[in-house]
Amino acid sequence: MKVIFLDIDGVINSNFWLESHQQEISDGTLIDKEKIELVAKIVNKTEATLVMHSGWRFWFDNTMKPIRKEAQNLINLLLDSGLSIYAMTPDLTTEEIRKTKMFSKVKASEIFLWLEQNPNVDKWIVLDDIDLHNDDLAIRQVRTNAEVGITEKDVDRAIEMLL
8 MKVIFLDIDG VINSNFWLES HQQEISDGTL IDKEKIELVA KIVNKTEATL VMHSGWRFWF
68 DNTMKPIRKE AQNLINLLLD SGLSIYAMTP DLTTEEIRKT KMFSKVKASE IFLWLEQNPN
128 VDKWIVLDDI DLHNDDLAIR QVRTNAEVGI TEKDVDRAIE MLL
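Take 8 as the starting number for the sequence shown in our numbering and just add one per residue.
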């Protein structure tokens, strides 16, 4: 099994998108469909599975059912591109981490715990825009630029890493 650990902010939406689409931010419909198509390109080429490791996972209940309109919109847009979220990484955050949104402090540990719980994974990568403070993870990370989100170059690198 191949896995893509998917972050949302800075990958399938970006600061550029945020600045130019203020209405979408306020009404909870903010996701760049073109970026989802780029993720779909990776999935279609590699047959990888998506595992969410984004702060967005707190917008789902423990059965992965959306509990906020932003999460439902994300699921709908993924489905439109033939994608779905297979699972989510476990939550190792503390109240302090959630309050300060310093998820990077635990994201690597959450990914490694998920991998430990799912030993059938052959290859995996991480799509994220931030430094996850772990050298073993860094060699498997396609680090996107938060200003623009995922690019064709990132897609090529991801595919190469998963094939």
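Idealized CB from N, CA, C, for every residue including glycine.
query                                                                                                                                                             : result
Spell out a yes or no on whether the segment 91 to 106 and the segment 53 to 61 are touching, meaning 3 or more CB-CB pairs, one atom from each, closer than 8 Å. : yes
Report yes if the C-beta distance between residue 114 and residue 139 is below 8 Å; otherwise report no.                                                          : yes
Does the pairing of the segment 123 to 130 with the segment 8 to 17 give three or more beta-carbon distances under 8 Å?                                           : yes
What residue does the beta strand (DSSP E) around residue 12 start on, and which one ends it?                                                                     : 9 to 13
Identify whether residue 70 lies in helix, strand or coil by the three-state DSSP scheme.                                                                         : coil
According to DSSP, what are the bridge partners of residue 130?                                                                                                   : 9
Would DSSP call residue 141 helix, strand or coil?                                                                                                                : coil
Who are the near neighbours of residue 165 in its chain, counting only those whose CB is closer than 6 Å to its CB and skipping five residues on each side?       : 49, 132 and 149
Could you pull the start and end residues of the alpha helix (DSSP H) that residue 165 belongs to?                                                                : 159 to 169
Which whole-angstrom value is the C-beta distance of residue 17 and residue 136, which I expect to be below 8 Å?                                                  : 3 Å
Should residue 151 and residue 169 be called a contact, given that it needs their Cβ atoms to be closer than 8 Å?                                                 : no
Could you pull out every residue in the same chain whose Cβ sits closer than 8 Å to the Cβ of residue 20, ignoring the five residues on either side in sequence?  : 37, 38, 39, 42 and 156
Let me confirm a value: residue 64 is counted as buried when at least 16 other C-beta atoms fall within 10 Å, else exposed. Which label applies?                  : buried
Per DSSP, what kind of secondary structure is residue 125 in: helix, strand or coil?                                                                              : coil
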